[in-house]
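Enquirer: I am attaching a structure below and will ask some questions about it afterwards.
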Amino acid sequence: MLTKKENLLETLHGGQPDRYVNSFEPFELFLDPIIMGIGGFAYTMKPGDTEVNGWGVTVCYPMGAPGPFPVHDQEHVILKDVTKWKEVIKAPKIVYSDEEWADTKAQIEKVDRNDKLVTTFIAPGIFEKLHYFMSMQDMLMNFYEEPEAVHELIDFLADWELEYCKELIKHMKPDAIFHHDDWGSQLSTFISPEMFEEFILPAYKKVYGYCKEQGCIIVHHSDSFAATLVPAMIEMGIDIWQGAMSTNNIPELIKQYYGKITFMGGIDNGIVDRHDWTREKIAKEVERVCRENGTAYFIPGLTMGGPGSTYEGVYEAVTEEIDRMSQIMFAK
Amino acid sequence: MSKIAEIKNLVETGKSKKVAAAVQEALDAGDKAQDILDAMIASMGVVGDKFSSGEIFVPEMLIAAKAMSKGVEVLKPIMAGDGSSSLGTCVMGTVAGDLHDIGKNLVIMMLESSGFDMVDLGVDVPAEKFVAAIKENENVVLVACSGLLTTTMPALKEAVQTIKSAYPKMKVIVGGAPVTQEYADEIGADGYAPDAGSSAGKAKEIIGA
């Protein structure tokens, strides 16, 4: 039996995995001092909390919601005019002392790197940061109305993230980068593929390009439709698109981009992670997804951006059903 | 190209800086305000269809809506007091526990562009607030409730049932990522729109416009 890491690498490289990579099982996720210092995300907050993150953005986590949201009323939105971003946007600290890294490093040392991948967690990404600073509506209008300022701000964020990744790699020597940036709704991308290529692709080529040069596997989360962005994902160096929703027609994507990228997800939280979930419904959906997508370049799992679910028990039920389907789909 | 055709094109392509002047020129040339408004409404219908079919994306829809609002600003003083173009008032909000606003805002733009007077209740709106808004505003013919999370689907149900309980004849339309026609039927909504592009057509159908 292959280790979890070996099984992942076989899947990514078109080899001979002996079972499904089951959701997040090969990834040992670490929260580093930088992201903990910035705060304002699901792992530093609990439902009911409100925090101001390291960028100055007020973030609240409503009771019962699956994650936190930036607050964008007039009182809290921090960037009202994108052309003034240099006066407003101040990047948080990324350099921490060896002493401040000591706990994280000690935890990393306990990981059996033959079995699992030491994985960093970065969120929110460059596109999401833009709409943390200002409302989604204003930000998307600015792509047309103030393109130069948006380009400048994205360049600034990409350079900051590159330095951030350098620090992560220096201290953690990660095997994988798990990076969040939602690029669409369940039916469409937020911006056109052409606009994405112009504004977003160059930034990620810089950041992911560096991480890949350092030997990291790139796992990108976008729980959305993004089928039309797959060519850009490949170009920027993404190895695994995590969060691929069923609306993307994943079987067709696997066929079209065979060997160039692996799709992770397919089991939409919107379908199974609900108040009325049952084991039978989950078993049926997992079986459908596994049979439709096959075993090559596909990792079945929930589309949510981390190991867990909104409703207690759903993640565990999904992973157990994936194990059941492994027995069937990988039977010799 | 006629002035009205030019206005239609400017709205569809989101040329907000040019629309106001074009509308004024059309008025000066003798075109009727209602005809110009109808043309812009038709343009937004085209924009909605293109959005639903994936031909255009959120930014293109936003700049088109902004262009239309610039044109409407020129027409407003002329059409003031003329209620003939209004389809009535629609109250809209994202339901309790949910802070998503972009989908709601797009629907508001599309409904406003098709002739509804919109009352935006914002996000995280409790069921009772929808009911209060129906009471506080004139000529409310439709309530639109948005819910983007599986966790807020019960809140969507509560909103619809609270509204229907207080105003049994009030028409209610629902939408949002986890919502389906089946779920809309189950919770007693009168209609469901799968995306912002199709929301205006569905809303008009529900109220019989």
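Chains as they are written, first to last, in the numbering used here: chain A, 211 to 542; chain B, 5 to 213.
Note that beta-carbon positions come from the ideal geometry of N, C-alpha and C, so glycine has one too.
Give the residues of chain B in contact with ASP391 (chain A), contact being defined as C-beta atoms less than 9 Å apart.
Expert: Ordered by position in chain B, no residue passes the 9 Å Cβ test against ASP391 (chain A), which lies about 16 Å from the chain.
Enquirer: Going by Cα to Cα distance, which pick from A:ASP483, A:LYS494, A:ILE427 and A:ASN479 is closest to THR472 (chain A)?
Expert: With distances taken between Cα atoms, THR472 (chain A) lies closest to A:ILE427.
Enquirer: Relative to chain B, which residues along the stretch 352-379 of chain A have a C-beta separation below 8 Å, given in chain order?
Expert: Residues passing the 8 Å Cβ filter: PHE353, TYR354 and GLU355.
Enquirer: Around the C-beta of GLU36 (chain B), are 16 or more other C-beta atoms found within 10 angstroms, so that it is buried, or is it exposed?
Expert: Residue identity differs from the one stated: residue 36 (chain B) is Lys in this sequence, not Glu. So LYS36 (chain B) counts as exposed.
Enquirer: May I have the straight-line CA-CA distance separating ASP259 (chain A) from LYS415 (chain A), to the nearest angstrom?
Expert: Cα to Cα, ASP259 (chain A) sits roughly 35 Å from LYS415 (chain A).
Enquirer: Nearest chain E C-beta to THR17 (chain B) closer than 7 Å, yes or no?
Expert: In the displayed structure, chain E is absent; the protein chains listed are A and B.
Enquirer: State the start and end residues of the unbroken alpha helix (DSSP H) segment that holds PRO403 (chain A).
Expert: That run of the alpha helix (DSSP H) goes 403-409.
Enquirer: Per DSSP, which one or two residues make a beta bridge with TRP451 (chain A)?
Expert: According to DSSP, which records beta bridges pairwise, TRP451 (chain A) is partnered with A:HIS430 and A:PHE473.
Enquirer: Just the chain A side, please: which residues come within less than 7 Å of LEU66 (chain B) by C-beta, in chain order?
Expert: Residues of chain A passing the Cβ test: GLN347, LEU350 and MET351.
Enquirer: Just to confirm before moving on: does the CB-CB distance between LYS12 (chain B) and ALA33 (chain B) stay below 7 Å?
Expert: Going by C-beta atoms, LYS12 (chain B) is not nearer than 7 Å to ALA33 (chain B).
Enquirer: Would PRO172 (chain B) be called buried (16 or more neighbouring beta carbons within 10 Å of its own) or exposed?
Expert: Exposed, because fewer than 16 other Cβ atoms sit within 10 Å of the Cβ of PRO172 (chain B).
Enquirer: So what does MET96 (chain B) bridge to, in DSSP terms?
Expert: For MET96 (chain B), which the question treats as bridged, DSSP gives the partners B:ASP124 and B:ALA148.
Enquirer: Using Cβ-Cβ distances below 8 Å, what residues of the stretch 468-488 of chain A are close to chain B?
Expert: Correct list: ASN479, GLY480, ASP483, ARG484 and HIS485.
Enquirer: How many angstroms separate the CA atom of GLU362 (chain A) from the CA atom of GLU338 (chain A)?
Expert: Roughly 16 Å between the two C-alpha positions.
Enquirer: Alpha carbon to alpha carbon, what distance is there between LYS175 (chain B) and VAL145 (chain B)?
Expert: If you take the alpha carbons of VAL145 (chain B) and LYS175 (chain B), they lie about 7 Å apart.
Enquirer: Check the C-beta distance from ILE448 (chain A) over to HIS430 (chain A) and give it rounded, since I have them as a contact under 8 Å.
Expert: With 8 Å as the limit, ILE448 (chain A) and HIS430 (chain A) qualify as a contact, their Cβ atoms being about 5 Å apart.
Enquirer: Using DSSP bridges, identify the partner residues of TYR196 (chain B).
Expert: Paired residue(s): B:VAL178.
Enquirer: Distance cutoff 7 Å, beta carbons only. Does LEU146 (chain B) sit that close to anything in chain A?
Expert: False, the Cβ-Cβ gap to chain A never drops below 7 Å.
Enquirer: Just to confirm before moving on: does the CB-CB distance between VAL482 (chain A) and GLU462 (chain A) stay below 7 Å?
Expert: No. Outside cutoff.
Enquirer: Hey, could you find the ends of the beta strand (DSSP E) ALA333 (chain A) is sitting in?
Expert: It is not in any beta strand (DSSP E) - ALA333 (chain A) carries neither H nor E in the DSSP assignment.
Enquirer: When we look at the beta-carbon of HIS485 (chain A) and count the other beta-carbons within 10 Å, is it buried (16 or more) or exposed?
Expert: It counts as exposed.
Enquirer: Could you tell me which residues DSSP puts in a beta bridge with CYS270 (chain A)?
Expert: Answer is A:THR260 and A:PHE279.
Enquirer: To which residues does DSSP link GLU531 (chain A) through a beta bridge?
Expert: Per DSSP, none; premise fails for GLU531 (chain A).
Enquirer: From GLU238 (chain A) to ALA413 (chain A), what does the alpha carbon distance come to, in whole angstroms?
Expert: Whole-angstrom Cα-Cα distance: 26 Å.
Enquirer: Beta-carbon of ALA413 (chain A) versus every beta-carbon of chain B: anything under 7 Å?
Expert: No, ALA413 (chain A) lies away from the interface with chain B (no Cβ there is under 7 Å from its Cβ).
Enquirer: Could you check how far apart the C-beta atoms of LYS206 (chain B) and LEU91 (chain B) are, in whole angstroms? I think they sit under 8 Å.
Expert: Actually they do not touch by this definition, with Cβ atoms about 13 Å apart.
Enquirer: Less than 7 Å between CB atoms is the rule here; does GLY258 (chain A) satisfy it with respect to chain B?
Expert: Not closer than 7 Å to any Cβ of chain B, the Cβ of GLY258 (chain A) fails to qualify, so no.
Enquirer: Could you tell me the boundaries of the alpha helix (DSSP H) in which ASP66 (chain B) lies?
Expert: Reading off the sequence, residue 66 (chain B) comes out as Leu, not Asp. Per DSSP, LEU66 (chain B) belongs to the alpha helix (DSSP H) from 62-83.
Enquirer: With respect to the beta strand (DSSP E) encompassing ILE191 (chain B), which residues constitute its N-terminal and C-terminal limits?
Expert: It is not in any beta strand (DSSP E) - ILE191 (chain B) carries neither H nor E in the DSSP assignment.
Enquirer: Measuring alpha carbon to alpha carbon, tell me which residue in B:PRO63, B:ALA159 and B:ALA170 is nearest LYS19 (chain B).
Expert: Residue B:PRO63 is the option with its Cα nearest to LYS19 (chain B).
Enquirer: Which residues share a DSSP beta bridge with ILE138 (chain B)?
Expert: DSSP, once it has assigned bridges, lists no residue as partnering ILE138 (chain B).
Enquirer: Below 8 Å CB to CB, which residues in the same chain sit around SER103 (chain B) once its five sequence neighbours on both sides are set aside?
Expert: In the sequence as displayed, the identity of residue 103 (chain B) is Leu instead of Ser. For LEU103 (chain B), where only same-chain residues beyond five positions count, the Cβ hits under 8 Å are VAL127 and ASP128.
Enquirer: Name the DSSP bridge partner or partners of PRO510 (chain A)?
Expert: Paired residue(s): A:GLY475.
Enquirer: Do GLY335 (chain A) and HIS390 (chain A) have their C-beta atoms within less than 7 Å of each other?
Expert: Result yes, Cβ atoms of GLY335 (chain A) and HIS390 (chain A) sit closer than 7 Å.
Enquirer: Among the residues of its own chain, which have a CB less than 8 Å from the CB of ALA436 (chain A), if the five just before and after it don't count?
Expert: The residues are TRP393, GLY394, THR399, MET443, TRP451, ALA454 and ASN458.
Enquirer: Quick one: give me the first and last residue of the alpha helix (DSSP H) that HIS361 (chain A) is part of.
Expert: Element bounds for HIS361 (chain A): 357-382.
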